[in-house]
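All remarks here apply to the structure that follows.
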Amino acid sequence: MSLPHASLRLGIFQKGWGYVATLLLAVVFPRCLLASSGDRAWGFQACLQHCRTTGCTFLVYSSSSQQPSLTCPDACSRMVQRLADHIPRNVREGSISEGVDGVSRSTGAQGAASQPVPLPLRIFRWSCEDDCKYHCMWAVEAWKSSAKTNGGRSLIEKYYGKWPFVRVLGMQELASVLASLANLVAHALCLHRLRAEVHVSLQLGSHPGGSGSCDRKPSAPIIPTNSSYGRSSYPFLWLWTTYGILHMNAWFWSAVFHSRDTPWTERLDYISAISLIAFGLFAAVVRIVWGPGHRRRLLAAATAVAIAAGLAAHLYYMLNIKFDYGWNMRVCVAVGVSTAGLWLSWCAWTRHPARWRMYAFLLLVHLSMQLEVLDFPPLGGLLDAHAAWHVATVALTPLFYSWLHADVLVAAAPTDPKRKDT
1 MSLPHASLRL GIFQKGWGYV ATLLLAVVFP RCLLASSGDR AWGFQACLQH CRTTGCTFLV
61 YSSSSQQPSL TCPDACSRMV QRLADHIPRN VREGSISEGV DGVSRSTGAQ GAASQPVPLP
121 LRIFRWSCED DCKYHCMWAV EAWKSSAKTN GGRSLIEKYY GKWPFVRVLG MQELASVLAS
181 LANLVAHALC LHRLRAEVHV SLQLGSHPGG SGSCDRKPSA PIIPTNSSYG RSSYPFLWLW
241 TTYGILHMNA WFWSAVFHSR DTPWTERLDY ISAISLIAFG LFAAVVRIVW GPGHRRRLLA
301 AATAVAIAAG LAAHLYYMLN IKFDYGWNMR VCVAVGVSTA GLWLSWCAWT RHPARWRMYA
361 FLLLVHLSMQ LEVLDFPPLG GLLDAHAAWH VATVALTPLF YSWLHADVLV AAAPTDPKRK
421 DT
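Shown next as structure tokens:
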């Protein structure tokens with residue numbers, strides 16, 4: 001990533017930048033935030049109510065031929081077993097047993113009642129209520145698909161704000177989980193290589209080679225001995241190390257959240273994202289103003305205090321007063337736009353030698369964000385637009401770090417009086 005967006009992209013890149021892009025779209029097109037009608041549909045709610053009381057799904061539609069086969073969610077096996085224990089033995093052994101709400105159901109479910117809840121569902125803490133929602137969702141979608149086959153219309157809808165995904169090993173959005181973990185690994189590899197090259201340079205005090213892919217071992221030091229900062233070191237290594245760690249943290253919680261959407265995983269995902277965006281703004285200010293002299297460093301310190309105080313106040317409000325999605329959106333947009341403005345202005349002013357890498361990075365970021373605009377239903381029940389965007393950001397991570405490799409040379413090189421301060 002180029003510097004102009006080092007913070008914007010880093011601060012907003014991956015978790016951060018994607019959030020800002022989505023939030024900006026939400027501001028311009030507020031109807032995109034409206035919940036879909038899938039979970040409010042009468043058929044879904046009737047199925048859910050039946051499952052809550054009996055432990056099995058049931059679609060109350062007029063045509064029995066369109067009724068999907070009865071399903072008793074694995075996480076509801078204990079409920080089904082308790083109900084079965086209250087059914088007379090002669091009825092249990094028959095072909096049909098009466099449900100607690102008067103709706104008949106096949107006793108094939110009774111045999112499944114004795115089966116333990118599968119380990120993946122226990123690991124990801126799927127409750128009977130959650131499992132009912134999942135199976136009723138797919139029961140409705142199966143019925144709609146059948147209606148389409150018979151000449152009707154079938155429109156896939158969102159449920160609780162999300163497209164229907166096929167659950168794999170207890171994980172709700174497998175593609176997004178894998179893409180989030182891939183982004184985490186990409187940052188870990190790239191950050192490790194950057195730090196290794198800087199440390200080799202400090203030990204040998206010689207000039208560098210170029211910047212390659214993040215999976216290669218460092219082959220040459222990259223810091224000259226005569227630094228404009230007065231020593232043979234890269235003064236921003238701690239900054240980008242912290243930034244990289246925050247990225248890895250954000251992508252970890254992204255993977256957790258996409259594995260299982262619960263109130264606490266959602267909050268951790270949001271907290272890690274806004275923390276990354278806030279640090280991105282701080283990183284931009286530090287990289288721009290840091291240099292010899294106490295005034296510059298006091299300005300950087302004052303900025304850090306102000307951003308930390310603002311972040312603390314925001315998190316306190318979100319976690320203790322009201323988890324306000326709209327307010328969080330506006331804060332993310334404001335911070336992201338400020339960060340972007342700083343990077344773009346600084347890049348244009350200083351004419352950073354690696355600015356074209358930043359330009360390329362920004363262009364590709366914006367192109368990849370168009371996937372978020374498409375918002376198509378998951379292909380095969382696994383890969384939706386959001387997951388595709390996560391996949392795209394994996395390839396952009398080395399580009400950002402290639403800009404950092406170049407910035408090491410710029411920041412550590414002797415001062416050129418003919419060039420503007422970097």
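Numbering (this note's numbering), first residue to last: 1 to 422. From the three backbone atoms N, C-alpha and C, an ideal C-beta is built for every residue, glycine too. Keep in mind the model is a prediction, meaning the values are calculated, not measured.
Considering only the alpha carbon of each residue, which of the options lies closest to residue i?
i    : options                   : result
G506 : L239, A313 and L194       : The question about residue 506 has no answer here: the residues shown for the chain are numbered 1 through 422.
L184 : L396, V410, A406 and L344 : L396
T242 : R267, E266, T265 and R195 : R195
A188 : H247, W42 and V166        : H247
I123 : L367, V391, A75 and G381  : A75
P292 : K322, A278, P235 and C332 : P235
P120 : D384, T350, K162 and Q172 : Q172
W343 : N328, Y325 and L362       : L362
W346 : F58, V289 and Q45         : V289
H135 : G55, L237, V391 and I271  : G55
Q45  : C214, A139 and A348       : A139
C47  : L409, K133 and I271       : K133
Y160 : M137, W253 and A385       : M137
V286 : S272, A302, W327 and S275 : A302
C190 : G170, H199 and C214       : C214
S77  : W126, W349, V198 and Y270 : W126
T393 : H199, A406 and A186       : A186
R351 : V410, A340 and L382       : V410
L59  : E129, A142, P118 and C128 : A142
A278 : V305, G326 and T262       : V305
L382 : Y359, H199, K162 and T262 : K162
T53  : V337, C128 and G43        : C128
P398 : R193, R167 and V333       : R193
V198 : A300, L237 and T339       : L237
T339 : A388, L276, S146 and L298 : L276
K322 : A387, A385 and R267       : R267
M329 : Y270, G310 and K144       : Y270
K144 : H390, V166, W327 and G43  : G43
G310 : V373, G341, C332 and D407 : C332
A284 : S146, G341 and G326       : G341
G336 : A406, V408 and A273       : A273
D384 : A308, P118 and V166       : V166
Any idea if residue i is buried or exposed, counting beta-carbon neighbours within 10 angstroms, 16 or more meaning buried?
i    : result
G244 : buried
D131 : buried
G38  : buried
A175 : buried
W264 : exposed
Q110 : For Q110, the predicted model reports a pLDDT of 46, less than 50, meaning its position is unreliable and no value from the coordinates is stated.
N320 : exposed
D324 : exposed
H50  : buried
R295 : exposed
P116 : exposed
P164 : buried
R40  : exposed
W251 : buried
V169 : Position check: residue 169 holds Leu in this sequence, whereas Val was assumed. When all chains shown are included, L169 counts as exposed.
G209 : Per-residue confidence for G209 stands at a pLDDT of 43, beneath the threshold of 50, marking its modelled position as unreliable; the derived number appears in the next sentence. G209 is exposed by the Cβ-count criterion.
T22  : Reliability fails at T22, whose pLDDT of 48 lies under 50, so the model's placement of it is uncertain and no value is given.
W253 : buried
V391 : buried
W349 : exposed
V408 : buried
Along the chain, where does the alpha helix (DSSP H) that runs through residue i open and close?
i    : result
I123 : L119 to I123
F44  : W42 to T54
H352 : Per DSSP, H352 belongs to no alpha helix (DSSP H) and is neither H nor E.
W251 : L237 to S259
E266 : P263 to V289
V305 : H294 to Y316
Sufficient close CB pairs (3 or more, under 8 Å) joining the stretch 252-261 to the stretch 179-195: Below 8 Å, enough C-beta pairs join the stretch 252-261 and the stretch 179-195 to call them touching: three or more.
At least three beta-carbon pairs within less than 8 Å, the stretch 152-166 to the stretch 360-378: Contact between the stretch 152-166 and the stretch 360-378 is present, because at least three Cβ pairs lie under 8 Å.
Three or more C-beta pairs below 8 Å linking the stretch 311-323 and the stretch 351-364: At 8 Å Cβ cutoff, the stretches do not touch.
The stretch 401-409 contacting the stretch 365-374, beta-carbon criterion three pairs below 8 Å: No: the two stretches stay apart, fewer than three of their Cβ pairs being nearer than 8 Å.
Completely contained beta strand (DSSP E) runs for the stretch 128-175, where each covers 3 or more residues: DSSP runs (the beta strand (DSSP E)) wholly in the stretch 128-175: none.
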